[in-house]
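Asker: Quick one: the structure is below, questions incoming.
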Amino acid sequence: MHTYLVGGAVRDELLGLEVKDRDWVVVGATPDQMLAEGFKQVGADFPVFLHPGSREEYALARTERKQGHGYHGFEIYSAPDVTLEEDLKRRDLTINAMARDNQGHIIDPFNGQQDIRDRQLRHVSEAFAEDPLRILRIARFAARFAPMGFEVCQNTMELMQTMVNDGEVHHLVAERVWQEIQRALQEKEPGTFFEVLRACGALDVLIPELSPPERFDAAMAALHCVHRHDGNLTQRFAALMSPVPPQEMSERARALKAPNDCTALAQLLATTQPILGESTGTAPGASELLDLLDRADVWRRADRFHTLLEVLRCTLPEMAITNLDALQRAATAAAGVEPRQLLDKGFKGKALGQAIQQERLKCVEQALTGKNR
1051 MHTYLVGGAV RDELLGLEVK DRDWVVVGAT PDQMLAEGFK QVGADFPVFL
1101 HPGSREEYAL ARTERKQGHG YHGFEIYSAP DVTLEEDLKR RDLTINAMAR
1151 DNQGHIIDPF NGQQDIRDRQ LRHVSEAFAE DPLRILRIAR FAARFAPMGF
1201 EVCQNTMELM QTMVNDGEVH HLVAERVWQE IQRALQEKEP GTFFEVLRAC
1251 GALDVLIPEL SPPERFDAAM AALHCVHRHD GNLTQRFAAL MSPVPPQEMS
1301 ERARALKAPN DCTALAQLLA TTQPILGEST GTAPGASELL DLLDRADVWR
1351 RADRFHTLLE VLRCTLPEMA ITNLDALQRA ATAAAGVEPR QLLDKGFKGK
1401 ALGQAIQQER LKCVEQALTG KNR
């Protein structure tokens, strides 16, 4: 039984980065031997064990063979005769296909160290083409390591393009796609993820609504702005989808199975920005602004409204920022209406609701004209 540190931990050590997760490969062992050593088995598809002390994952060396389409279309073989090199060969990138033994020696059969020096993201073998999810993983690594100068090498990009042309991307499961998008949106250069997908043709399959150049450029500018202001995941997704019309946006969010909070903010943005960004030169009036506030449910969801304002500042044209400022003033003014005071005056039921709206409208009108209530 021989144990090796593998994958991202070795890569990050060589890059001088903080190692957050450590994964291990065990060569020459059986599941029974692992259990006898006190490990707890957790892998359903192949033998993965938790160390009894550190709780880190130890996987038995394995090989994979393509049997069908999709993430689960593989036959896994794990046995004591599987070598470390055979295990490393099934990995995606050369920089992820290195190991370190207990004496600190680096095992690097696919020249990952050279690709680290050259800042290249290169596939390990032609087996890369068997799993279309790896297209998204490479794009995500590109987004993570772009600040360090890493790029997808030409022959790997060509292989990814071939996979797209062969229809492999159509077999990806929505949940897995969203998982990669969610991670990518929070990487160091999230726009790079979508640029790589676009370069290999995968974006046309996964988010075709962003294919038109003007939409793509607008989406990247908005995403970059929100990222620069340290926006959260919901804001980043809304910015990404901001150039897409509301109906198309909703359908794509549903197809991606994006979480409800991401979809809700993107929908709110999609319906708000056309009104505030009108190019007619006519600013929205008090009634329109109050309608936007109602639609945003600012009365109960003040925090979400604040996140909406932050994204709007990244998606609206400069000429429309005055309209955004007016919306913010309207929200502050209308929030001063106290329903309790109207209740004390005898308003109830439907009449109370109408009275609240009338008071809020007065407040918005006064805010727009600069008058005090």
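Per the numbering used here: the sequence shown = residues 1051 to 1423. Don't be surprised by glycine CBs; every beta carbon is placed ideally from N, CA and C. Everything numeric in this text was worked out from a predicted model, so none of it was measured.
Please confirm whether P1130 and G1078 have their CB atoms less than 8 Å apart.
Answerer: As a working mapping, residue 1130 is identified with position 80 in the sequence shown. As a working mapping, residue 1078 is identified with position 28 in the sequence shown. For P1130 and G1078, yes; Cβs fall inside 8 Å.
Asker: Please name the residue, chosen from N1215, E1415, S1261 and V1294, that lies closest to S1337 on a Cα-to-Cα basis.
Answerer: Here residue 1337 refers to the residue found at position 287 of the sequence shown. Cα-wise, what sits closest to S1337 is E1415.
Asker: Could you say if the region 1187-1201 and the region 1159-1174 meet the contact criterion of at least three C-beta pairs nearer than 8 Å?
Answerer: These segments touch.
Asker: Looking only at its chain, what residues have a beta carbon closer than 7 Å to the beta carbon of R1072, apart from the 5 residues adjacent to it on each side?
Answerer: As a working mapping, residue 1072 is identified with position 22 in the sequence shown. The answer, listed in chain order, is L1055, A1059 and E1106.
Asker: Which residues in the same chain have their Cβ closer than 8 Å to the Cβ of I1166, if we skip the five residues on either side of it in sequence?
Answerer: Taking the first residue of the sequence shown as 1, we reach residue 1166 at position 116. Here the set comprises R1061, L1064, L1065 and I1145.
Asker: Please list the terminal residues of the continuous alpha helix (DSSP H) segment that includes L1306.
Answerer: Start at 1 with the first residue of the sequence shown, and residue 1306 comes out as number 256. Residues P1296 to L1306.
Asker: Confirm, please, whether the CB-CB distance from A1252 to V1202 is below 8 Å.
Answerer: Looking up residue 1202 in the sequence shown gives position 152. Looking up residue 1252 in the sequence shown gives position 202. In this structure, A1252 does not lie closer than 8 Å to V1202 by Cβ.
Asker: Could you check how far apart the C-beta atoms of A1346 and L1362 are, in whole angstroms? I think they sit under 8 Å.
Answerer: The count along the sequence shown starts at 1 and reaches residue 1346 at position 296. The count along the sequence shown starts at 1 and reaches residue 1362 at position 312. Their Cβ separation, rounded to whole angstroms, is 11 Å, which puts A1346 and L1362 out of contact at 8 Å.
Asker: To the nearest angstrom, report how far apart R1302 and E1259 are at their CA atoms.
Answerer: Here residue 1302 corresponds to residue number 252 of the sequence shown, with the count starting at 1. Here residue 1259 corresponds to residue number 209 of the sequence shown, with the count starting at 1. So the alpha carbons of these two residues sit roughly 8 Å apart.
Asker: What does the Cβ neighbour count give for D1181, buried or exposed, with the cut at 16 atoms within 10 Å?
Answerer: Along the sequence shown, one-based indexing puts residue 1181 at 131. With 16 or more other Cβ atoms within 10 Å, it is buried.
Asker: Is there at least one non-hydrogen atom of the ligand NAD closer than 7 Å to the beta-carbon of Q1378?
Answerer: The ligand NAD is not part of this structure, which contains no ligands at all.
Asker: Use the C-beta contact count for E1264: other C-beta atoms within 10 angstroms, 16 or more gives buried, fewer gives exposed.
Answerer: Here residue 1264 refers to the residue found at position 214 of the sequence shown. That one is exposed.
Asker: Measuring straight from C-alpha to C-alpha, what distance separates T1133 and V1075?
Answerer: For the purposes of this step, residue 1133 is taken as the residue at position 83 of the sequence shown. For the purposes of this step, residue 1075 is taken as the residue at position 25 of the sequence shown. Cα to Cα, the separation comes out at about 10 Å.
Asker: Taking three-plus beta-carbon pairs below 8 Å as touching, is the region 1218-1226 in contact with the region 1285-1302?
Answerer: Short answer: they don't touch.
Asker: How big is the Cα-Cα spacing for M1051 and T1242?
Answerer: By 1-based counting over the sequence shown, the position of residue 1051 is 1. By 1-based counting over the sequence shown, the position of residue 1242 is 192. If you take the alpha carbons of M1051 and T1242, they lie about 41 Å apart.
Asker: What are the partner residues of F1244, as DSSP defines its beta bridges?
Answerer: On the sequence shown, residue 1244 is found 194 positions in, with the first residue counted as 1. DSSP, once it has assigned bridges, lists no residue as partnering F1244.
Asker: With C-beta atoms as the reference, is L1326 less than 8 Å away from P1334?
Answerer: In the sequence shown, the residue the question calls residue 1326 occupies position 276. In the sequence shown, the residue the question calls residue 1334 occupies position 284. Yes; because the gap between Cβ atoms is below 8 Å, this pair is in contact.
Asker: So what does DSSP say about T1113, is it helix, strand or coil?
Answerer: By 1-based counting over the sequence shown, the position of residue 1113 is 63. Note: T1113 maps to strand in three-state DSSP.
Asker: Quick check on the DSSP output: what are the complete alpha helix (DSSP H) runs of length 4 or more inside the region 1305-1384, in order along the chain?
Answerer: Here the runs fully enclosed are 1310-1326, 1336-1345, 1352-1365 and 1371-1384.
Asker: Return the residue from the list V1223, F1355, A1370 and M1198 that minimises the CA-CA distance to V1255.
Answerer: Start at 1 with the first residue of the sequence shown, and residue 1255 comes out as number 205. For the residues V1223, F1355, A1370 and M1198, the minimum Cα distance to V1255 belongs to V1223.
Asker: Distance check for A1405 and G1399, CA to CA, integer angstroms please.
Answerer: Counted from its first residue, the sequence shown places residue 1399 at position 349. Counted from its first residue, the sequence shown places residue 1405 at position 355. Distance between the alpha carbons of G1399 and A1405: 10 Å.
Asker: In terms of residue numbering, what span does the beta strand (DSSP E) encompassing L1055 cover?
Answerer: As a first step, residue 1055 must be located in the sequence shown, where it is residue number 5. Residues H1052 to V1056.
Asker: Using 10 angstroms around the beta-carbon of V1092, count the other beta-carbons present and answer buried if the total reaches 16, otherwise exposed.
Answerer: Here residue 1092 is taken as the residue at index 42 of the sequence shown, counted from 1. Answer is exposed; the Cβ neighbour count stays below 16.
Asker: If I measure Cβ to Cβ from S1261 and keep anything under 6 Å in the same chain, skipping five residues before and after, which residues do I get?
Answerer: If you number the sequence shown from 1, residue 1261 lands on position 211. So the list reads D1254, once near-sequence residues are dropped.
Asker: Taking C-alpha atoms, which residue in A1370, P1309 and D1280 lies nearest to Q1323?
Answerer: If you number the sequence shown from 1, residue 1323 lands on position 273. Looking at the Cα atoms, A1370 is the closest of the given residues.
Asker: Quick check: what's the CA-CA separation for H1456 versus R1286?
Answerer: Nothing can be reported for residue 1456, as the shown portion of the chain is limited to 1051 through 1423.
Asker: Between L1273 and P1240, which are expected to be in contact by the criterion C-beta below 8 Å, what is the C-beta distance as a whole number of angstroms?
Answerer: Looking up residue 1273 in the sequence shown gives position 223. Looking up residue 1240 in the sequence shown gives position 190. With 8 Å as the limit, L1273 and P1240 qualify as a contact, their Cβ atoms being about 6 Å apart.
Asker: What is the residue span of the alpha helix (DSSP H) that V1276 lies within?
Answerer: Reading the sequence shown from its first residue, position 226 is the one you call residue 1276. P1263 to R1278 is the extent of the alpha helix (DSSP H) around V1276.
Asker: Could you tell me whether the Cβ atoms of A1381 and C1413 are closer together than 8 Å?
Answerer: Locating residue 1381 in the sequence shown gives position 331, where the first residue counts as 1. Locating residue 1413 in the sequence shown gives position 363, where the first residue counts as 1. No; because the gap between Cβ atoms is not below 8 Å, this pair is not in contact.
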